[in-house]
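Novice: In the working numbering, the protein residues as written are 1 to 416. All C-beta atoms, glycine included, are put in the ideal place defined by N, C-alpha and C. Here the structure is a predicted model, which means the values were calculated and not measured. Before anything else, here's the structure in question.
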């Protein structure tokens, strides 16, 4: 049993040694005469050691008290070493209390359980969008209105999803602080469900024949890959949604019927409907020229998609959303002048001026008609007229591209 007399009279030796234990508590006598309190204990099947102070600053009675407190933690399933470390970290955090300091502890304790890529993305978002504005603020003083200003700055860049993700991450930091006793409330709580109403977006498009002529000349002179060049040409000729164009597959193309049939991606799965696009002679020629380059048949694997516009490195994925947009930028057209979606507005405007029926144009754009007739009516509605319209449209684009003088619309207008 340990006594004050035993401890006080213990002399240093050539190497450190232990005085007899008392329920795991012992004194380590060092070669420099210092005497350290230690507690030996087992936790989770492992032998561990806890420092309890230095004798005589910590007398025997206090050392026993600290031992008993540690054993109560062990009985409750808490490692006393971890408990002490957490208490020390909490004290350090409380001494500073800034949001940035709490973020660093949260990253170590909780964010680190995620993938490296996710950790990098979160850290980058915090450093760019959050910490410059509230990083030095005491976490207990941050109010919802301050966070609203932070998230509105992100929304002003047009990235609503990033603002939502930032609110989620900031909320996780505050809830971590609450669990550590560093904060009492989560000021992101009142902001849940708050979203900025997304404004109606109008895609930039050329609708003046002179601009369209310049666009078509640039497309046919484009020096990029054959896949992107063909995608640009068919975007102008067929004016379907950019996603439908880039995900076009060879099995959807019927050369004999001169049609492209695909399932409209914007329809719900339960009401999925196919859309028929009549193919003009120019589109058929472009596809015939491209087919030997991209139609792998079953050479990759039996279930592999046969994309008309696959990525250059792998034939198993379609062109990226950015491919056509970047090609337009490379040709000198800004995002305020022409977009990949703008081919649809371009065709709709000019075809209407050429005298084609609005209903035929809308069906060609794969816009569903209102009324009780439903998808069965839409699928083949105005098909003969649309076939003639698509050929007339392709011929008009060729005329604009090849003639030095822009052809007035009334010269090609269809009699109504």
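So residue 131 packs on residue 103, CB below 8 Å; how close in whole Å?
Specialist: Locating residue 131 in the chain shown gives position 131, counting from the first residue. Locating residue 103 in the chain shown gives position 103, counting from the first residue. Contact holds; Cβ gap of about 7 Å.
Novice: Okay, do the stretch 229 to 247 and the stretch 342 to 352 touch, 3+ Cβ pairs below 8 Å being the bar?
Specialist: They touch, by the three-pair rule.
Novice: Alpha carbon to alpha carbon, what distance is there between residue 188 and residue 171?
Specialist: Taking the chain shown and counting its residues from 1, one reaches residue 171 at position 171. Taking the chain shown and counting its residues from 1, one reaches residue 188 at position 188. For residue 171 and residue 188, the distance between alpha carbons rounds to 6 Å.
Novice: Determine the contact status of residue 234 and residue 219, defining contact as a CB-CB distance below 8 Å.
Specialist: Sequence index remark: in the chain shown, residue 234 carries index 234 (1-based). Sequence index remark: in the chain shown, residue 219 carries index 219 (1-based). No, the pair does not count as a contact, with Cβ atoms beyond the cut-off.
Novice: Can you grab the Cα-Cα spacing for the pair residue 97 / residue 138, in whole Å?
Specialist: If you number the chain shown from 1, residue 97 lands on position 97. If you number the chain shown from 1, residue 138 lands on position 138. For residue 97 and residue 138, the distance between alpha carbons rounds to 5 Å.
Novice: As a quick exercise: from 47, 183, 164 and 175, pick the residue whose alpha carbon is nearest that of residue 110.
Specialist: Position 110 of the chain shown holds residue 110. The shortest Cα separation from residue 110 among 47, 183, 164 and 175 belongs to 175.
Novice: Closest to residue 165 by C-alpha separation, out of 324, 121 and 264, would be which residue?
Specialist: Counted from its first residue, the chain shown places residue 165 at position 165. Of the listed residues, the one whose Cα sits closest to residue 165 is 121.
Novice: Rounded to a whole number of angstroms, what is the C-alpha to C-alpha distance between residue 101 and residue 136?
Specialist: For this step, residue 101 is matched to residue 101 along the chain shown. For this step, residue 136 is matched to residue 136 along the chain shown. Cα-Cα distance, rounded: 8 Å.
Novice: With distances taken Cα to Cα, identify the nearest neighbour of residue 243 among 258, 224, 264 and 252.
Specialist: As a position in the chain shown, residue 243 is number 243, starting the count at 1. For the residues 258, 224, 264 and 252, the minimum Cα distance to residue 243 belongs to 264.
Novice: Relative to the C-alpha of residue 126, which candidate in 307, 82, 162 and 71 has its C-alpha closest?
Specialist: Looking up residue 126 in the chain shown gives position 126. Selected option, being the one with the closest Cα: 162.
Novice: What's the call for residue 15, buried or exposed, on a 16-neighbour Cβ count within 10 Å?
Specialist: Numbered from its first residue, the chain shown carries residue 15 at position 15. Residue 15 comes out exposed.
Novice: Whole angstroms is fine: what's the gap from residue 38's alpha carbon to residue 151's?
Specialist: Here the question's residue 38 lines up with position 38 in the chain shown. Here the question's residue 151 lines up with position 151 in the chain shown. Rounded to whole angstroms, residue 38 to residue 151 spans 51 Å at the Cα level.
Novice: Starting from residue 48, trace the beta strand (DSSP E) both ways and give me its first and last residue.
Specialist: Reading the chain shown from its first residue, position 48 is the one you call residue 48. Taken as a continuous stretch (DSSP letters only), the beta strand (DSSP E) holding residue 48 covers 46 to 55.
Novice: On the DSSP bridge assignment, give the partners of residue 26 in chain order.
Specialist: Taking the first residue of the chain shown as position 1, residue 26 is located at position 26. Paired residue(s): 38.
Novice: Taking the Cβ atom as the reference point for each residue, do residue 224 and residue 360 lie within a distance shorter than 8 Å?
Specialist: For the purposes of this step, residue 224 is identified with residue 224 of the chain shown, where counting begins at 1. For the purposes of this step, residue 360 is identified with residue 360 of the chain shown, where counting begins at 1. No; because the gap between Cβ atoms is not below 8 Å, this pair is not in contact.
Novice: Exposed or buried, which one is residue 282 when buried takes at least 16 other CB atoms within 10 Å?
Specialist: Taking the first residue of the chain shown as 1, we reach residue 282 at position 282. Counting Cβ neighbours within 10 Å, residue 282 comes out buried, since at least 16 surround it.
Novice: Let me check understanding here. Comparing Cα to Cα, which of 262, 253 and 307 lies closest to residue 228?
Specialist: Position 228 of the chain shown, counted from the start, is the residue given in the question as residue 228. For residue 228, the nearest C-alpha among the options comes from 307.
Novice: Please state the DSSP three-state secondary structure of residue 138.
Specialist: As a position in the chain shown, residue 138 is number 138, starting the count at 1. Residue state, collapsed to three classes: strand.
Novice: With a 10 Å radius around its C-beta and 16 neighbouring C-beta atoms as the bar for buried, classify residue 332 as buried or exposed.
Specialist: Here residue 332 refers to the residue found at position 332 when the chain shown is read from its first residue. So residue 332 counts as exposed.
Novice: For residue 260, write down the residues that DSSP places opposite it in a beta bridge.
Specialist: Counted from its first residue, the chain shown places residue 260 at position 260. Answer is 253 and 277, bridged to residue 260.
Novice: How is residue 209 classed by DSSP in three states: helix, strand or coil?
Specialist: If you number the chain shown from 1, residue 209 lands on position 209. If DSSP states are grouped into helix, strand and coil, residue 209 belongs with the helices.
Novice: Going by beta-carbon coordinates alone, are residue 338 and residue 206 separated by less than 8 Å?
Specialist: Sequence index remark: in the chain shown, residue 338 carries index 338 (1-based). Sequence index remark: in the chain shown, residue 206 carries index 206 (1-based). Yes, these two residues count as a Cβ contact at 8 Å.
Novice: What's the gap between the Cα of residue 322 and the Cα of residue 249?
Specialist: Residue 322 sits at position 322 when you count from the first residue of the chain shown. Residue 249 sits at position 249 when you count from the first residue of the chain shown. Cα to Cα, the separation comes out at about 19 Å.
Novice: Can you list the alpha helix (DSSP H) stretches of 4 or more residues lying completely in the stretch 98 to 135, in chain order?
Specialist: Here the runs fully enclosed are 99 to 109, 116 to 125 and 131 to 134.
Novice: Taking the C-alpha atoms as reference points, what is the distance between residue 173 and residue 106?
Specialist: For the purposes of this step, residue 173 is taken as the residue at position 173 of the chain shown. For the purposes of this step, residue 106 is taken as the residue at position 106 of the chain shown. Their Cα atoms are separated by approximately 6 Å.
Novice: Let's see if you can read the secondary structure: which residues bound the alpha helix (DSSP H) around residue 395?
Specialist: Counted from its first residue, the chain shown places residue 395 at position 395. Here the alpha helix (DSSP H) through residue 395 covers 383 to 402.
Novice: Would you say residue 317 and residue 340 are within 8 Å of each other, going by their C-beta atoms?
Specialist: For the purposes of this step, residue 317 is taken as residue 317 along the chain shown, with counting starting at 1. For the purposes of this step, residue 340 is taken as residue 340 along the chain shown, with counting starting at 1. Result no, Cβ atoms of residue 317 and residue 340 do not sit closer than 8 Å.
Novice: Since residue 176 sits in a beta bridge, which residues does DSSP pair it with?
Specialist: As a position in the chain shown, residue 176 is number 176, starting the count at 1. DSSP, once it has assigned bridges, lists no residue as partnering residue 176.
Novice: When the Cα of residue 255 is compared with those of 246, 32, 80 and 291, which residue comes out closest?
Specialist: One-based indexing of the chain shown puts residue 255 at position 255. Nearest C-alpha to residue 255: 291.
Novice: Grouping DSSP H, G and I as helix and E and B as strand, with all else coil, what is residue 190?
Specialist: The count along the chain shown starts at 1 and reaches residue 190 at position 190. Three-state result, residue 190: helix.
Novice: Could you give the residue range of the alpha helix (DSSP H) that holds residue 343?
Specialist: As a working note, residue 343 is residue 343 in the chain shown. Residues 342 to 353.
Novice: Answer with buried or exposed for residue 159, where buried requires no fewer than 16 other C-beta atoms within 10 angstroms of its C-beta.
Specialist: As a working note, residue 159 is residue 159 in the chain shown. Flag for residue 159 reads exposed.
Novice: In whole angstroms, what is the alpha-carbon distance linking residue 330 and residue 221?
Specialist: By one-based count along the chain shown, residue 330 stands at place 330. By one-based count along the chain shown, residue 221 stands at place 221. Cα-Cα distance, rounded: 12 Å.
Novice: Count the other CB atoms within 10 Å of the CB of residue 245; is the residue buried (16 or more) or exposed (fewer)?
Specialist: Here residue 245 is taken as the residue at index 245 of the chain shown, counted from 1. Residue 245 is buried by the Cβ-count criterion.
Novice: Rounded to a whole number of angstroms, what is the C-alpha to C-alpha distance between residue 11 and residue 54?
Specialist: Position 11 of the chain shown, counted from the start, is the residue given in the question as residue 11. Position 54 of the chain shown, counted from the start, is the residue given in the question as residue 54. Computed Cα separation, rounded: 15 Å.
Novice: Let me know if residue 373 comes out buried or exposed under the rule of 16 or more other beta-carbons within 10 Å of its beta-carbon.
Specialist: Counted from its first residue, the chain shown places residue 373 at position 373. Note on residue 373: pLDDT 44, under 50, position unreliable in the model; the coordinate value appears next. Burial call: exposed.
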